[in-house]
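Protein chains in written order, with this note's numbering: chain A, 83 to 280; chain B, 83 to 280; chain C, 83 to 280; chain D, 83 to 280. C-beta atoms are modelled at their ideal positions from N, C-alpha and C, and glycine is treated no differently. Predicted model only: the values in this text are computed from it and were never measured.
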DNA sequence: AGATAAGCGAGACGGTACGTCACGTCTTTGT
DNA sequence: ACAAAGACGTGACGTACCGTCTCGCTTATCT
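Laid out in structure tokens, this is it:
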């Protein structure tokens with residue numbers, strides 16, 4: 083009898099209600115889009131989900147943790163590796179996808195979560211672990227392929243390179259400054275790939 | 083009788099106390115560094131400054147507006163134009179300066195203000211008007227000189243180019259990911275100037 | 083300029099709102115009669131009085147303290163000294179009055195307050211100080227007059243004597259056992275005055 | 083096949099665990115003395131007794147019912163009839179016993195139960211049925227013997243007479259006013275027996 | 001000089017959300 | 001079928017901060 087069996091063997095007591103959990107997450111998702119992270123209250127989540135504040139506080143430390151979960155749950159597997167054969171193509175498609183996400187309904191939610199992360203280290207950690215890391219992984223793969231193919235300069239630090247793609251995007255989102263459309267994505271990738279100097 | 087006269091002519095009633103104003107701003111500055119934007123309360127500002135809540139609310143709409151004022155007041159005449167003679171040099175010095183600011187005591191305050199701006203459009207506006215625009219102006223000058231000198235590619239959109247410098251910096255500040263030291267600044271400028279492709 | 087003047091001189095700050103205080107007390111009075119001490123909630127008091135929970139908690143430690151105040155406020159000068167000329171007459175009138183009070187609308191409220199006092203020493207203290215002591219004072223005067231007149235036995239402890247009048251009344255109230263009408267009052271006074279032995 | 087048989091015949095399923103029942107009662111007794119009726123929670127009873135909340139709620143409607151049971155279970159066969167030969171002697175011994183009970187560890191528990199009875203009619207009923215009635219029965223016997231012997235006045239209502247003994251005692255317990263020692267018991271009985279008038 | 005008009009510190013107020021606690025019910029597994 | 005374990009909805013609690021509102025006092029200009 084393995085440890086896994088023991089872990090999976092049902093513990094005594096009523097198990098956590100999956101229905102309640104998902105109702106909370108769903109209600110939170112809706113509220114995030116409708117009124118935003120800050121205006122949303124725990125009581126509203128409870129009311130809309132049919133659950134209770136006590137239950138929410140039993141499983142999440144506060145509404146921000148619920149919001150992070152809800153935000154992740156509405157982002158499916160996401161951020162697929164484009165793998166077009168060229169680094170420029172990969173970066174372009176990937177960045178267009180990111181801009182599309184930023185301008186979509188979840189964009190503001192994401193911006194607010196990043197904003198909240200400036201005050202709440204736990205939100206920052208969860209965001210980093212759950213989202214930023216997995217997204218960067220795709221770009222790392224793109225980068226590595228480009229270097230292997232000889233398209234990209236091996237003497238540039240990979241993290242720096244990725245920041246050149248990702249940084250301007252987040253900057254535009256957070257400062258509401260500059261377009262977030264396909265043309266902008268293309269222009270950024272082009273400039274990054276070719277550099278600024280003649 | 084000009085409008086200026088009317089504005090300057092002493093109106094009846096006790097004039098606004100400059101001492102009170104500056105005490106509020108100073109107290110807010112301290113609190114921002116000590117406990118942060120969110121934890122700071124209007125009551126604390128009043129207590130520490132020796133003023134009263136009513137006075138604060140008379141001159142600022144809420145604590146975030148006070149915080150923006152306090153933040154601006156503690157930033158010196160801001161970001162001088164390096165003008166070293168080369169765009170790479172200018173960008174490098176400028177970005178090192180920004181990183182230094184980000185890692186200094188005001189860095190976290192700035193990050194929190196940007197975070198708060200995600201929820202409060204007025205904070206966003208004030209931040210954009212008072213800080214981001216003036217800072218970008220320097221970079222625009224650097225860019226224009228570089229293009230004139232023939233160092234930089236004229237076919238790149240200026241805003242895109244500036245975002246390549248500024249974006250990665252904000253990204254690293256807001257996600258607490260990646261170093262913010264001189265070496266990082268140099269690496270970013272180098273990569274941006276020369277581009278990623280071989 | 084006396085100390086009293088200094089004490090009465092208005093202290094800085096907005097003075098406590100008498101209107102708010104009395105609205106809270108009045109609302110509490112109503113709720114005590116309508117739904118009882120235990121069922122009444124602070125939120126109901128706030129809603130009905132148009133005040134806020136914060137204000138209530140600022141001036142009273144909890145709803146029970148408000149209830150004590152409300153209970154006292156609805157009992158006017160109360161318990162007058164009958165002074166009929168005979169101790170028996172005084173005791174009779176006084177006890178009839180008490181029974182009348184117990185069977186009136188405030189009777190249940192009083193019983194509940196005494197009940198609550200078993201759990202909350204502050205309620206017990208306030209009740210003792212504000213009510214029980216002032217009432218006993220009347221009976222003490224009645225007793226003393228009776229002893230002076232030679233009607234009553236001087237060798238009986240005054241507190242014991244008063245307890246013989248007051249004790250059975252409270253007993254009947256708290257145990258809902260035995261009548262609380264004029265006949266009962268008369269019977270008790272008669273038995274107490276004349277004693278049980280032949 | 084008699085009714086008793088049917089009742090005793092093992093019904094299907096696991097029978098109620100006597101061990102569980104007594105553990106609950108014992109735990110409740112301890113908690114009543116340690117922290118009091120109000121502070122005690124059902125969860126604490128469950129934890130200390132090793133039972134579960136569901137089991138407790140299966141057999142008792144709420145914690146007050148458990149408390150009543152626990153209180154009764156810790157009171158021995160209760161208040162024996164002194165039968166000293168004289169009514170004064172009987173009353174004295176009986177009242178000393180009551181005072182001793184009131185000042186003992188169970189005194190506060192009893193006071194709290196009477197307090198709770200002001201809010202909960204079921205507690206009131208159980209208390210009246212299980213305790214007050216049986217105790218008064220002893221005093222009724224004492225009274226009847228005294229009347230038969232010619233010691234006591236037959237023209238006094240028996241209930242009134244008993245209230246004169248019992249009332250002052252409860253009054254002193256519930257208002258924490260006046261001593262509850264042997265001397266006080268003697269003084270009360272003496273005054274009641276002889277009456278207040280000369 | 002007196003009237004008038006603000007500014008100001010102190011602090012009470014109504015409002016709203018917070019996070020906690022106990023209640024009594026329900027749903028599992030184990031015996 | 002009963003019991004322990006423990007999750008759940010309900011609803012009150014007491015706290016904290018917000019932004020507004022009196023107060024009484026002070027400081028200025030205007031008549």
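Residue range of the unbroken alpha helix (DSSP H) whose run includes residue i
i: residue 176 of chain D; result: 169-185
i: residue 157 of chain B; result: It is not in any alpha helix (DSSP H) - residue 157 of chain B carries neither H nor E in the DSSP assignment.
Coarse secondary structure for residue i, derived from DSSP in three states
i: residue 102 of chain C; result: helix
i: residue 188 of chain A; result: helix
i: residue 131 of chain C; result: helix
Sub-7 Å separation of residue i and residue j beta-carbons
i: residue 119 of chain A; j: residue 200 of chain A; result: no
i: residue 224 of chain B; j: residue 172 of chain B; result: yes
i: residue 229 of chain A; j: residue 246 of chain A; result: no
i: residue 130 of chain B; j: residue 147 of chain B; result: no
i: residue 151 of chain D; j: residue 191 of chain D; result: no
i: residue 227 of chain B; j: residue 235 of chain A; result: no
i: residue 140 of chain C; j: residue 124 of chain C; result: no
i: residue 270 of chain D; j: residue 242 of chain C; result: yes
i: residue 163 of chain D; j: residue 220 of chain D; result: yes
i: residue 250 of chain B; j: residue 277 of chain A; result: no
i: residue 262 of chain B; j: residue 174 of chain B; result: no
i: residue 264 of chain C; j: residue 210 of chain C; result: no
i: residue 212 of chain B; j: residue 154 of chain B; result: yes
i: residue 169 of chain A; j: residue 114 of chain A; result: no
i: residue 252 of chain C; j: residue 253 of chain D; result: yes
i: residue 244 of chain C; j: residue 257 of chain D; result: no
Exposed unless 16 or more other CB atoms sit within 10 angstroms - verdict on residue i
i: residue 198 of chain C; result: buried
i: residue 232 of chain A; result: exposed
i: residue 89 of chain D; result: At residue 89 of chain D the pLDDT is 39, less than 50, meaning the model places this residue with poor confidence; the figure from the coordinates comes in the next sentence. With fewer than 16 Cβ atoms within 10 Å of its Cβ, residue 89 of chain D is classed as exposed.
i: residue 202 of chain B; result: buried
i: residue 100 of chain B; result: exposed
i: residue 204 of chain A; result: exposed
i: residue 104 of chain D; result: exposed
i: residue 260 of chain B; result: buried
i: residue 216 of chain D; result: exposed
i: residue 93 of chain C; result: exposed
i: residue 266 of chain B; result: buried
i: residue 98 of chain A; result: exposed
Check: residue i C-beta below 6 Å from any heavy atom of the ligand ZN
i: residue 270 of chain B; result: You won't find the ligand ZN in this model; it holds no ligand whatsoever.
Just list the alpha helix (DSSP H) runs in the region 196-270 of chain B, keeping only unbroken ones of 4 residues or longer that don't cross its boundaries, in chain order.
203-209, 215-231 and 240-257
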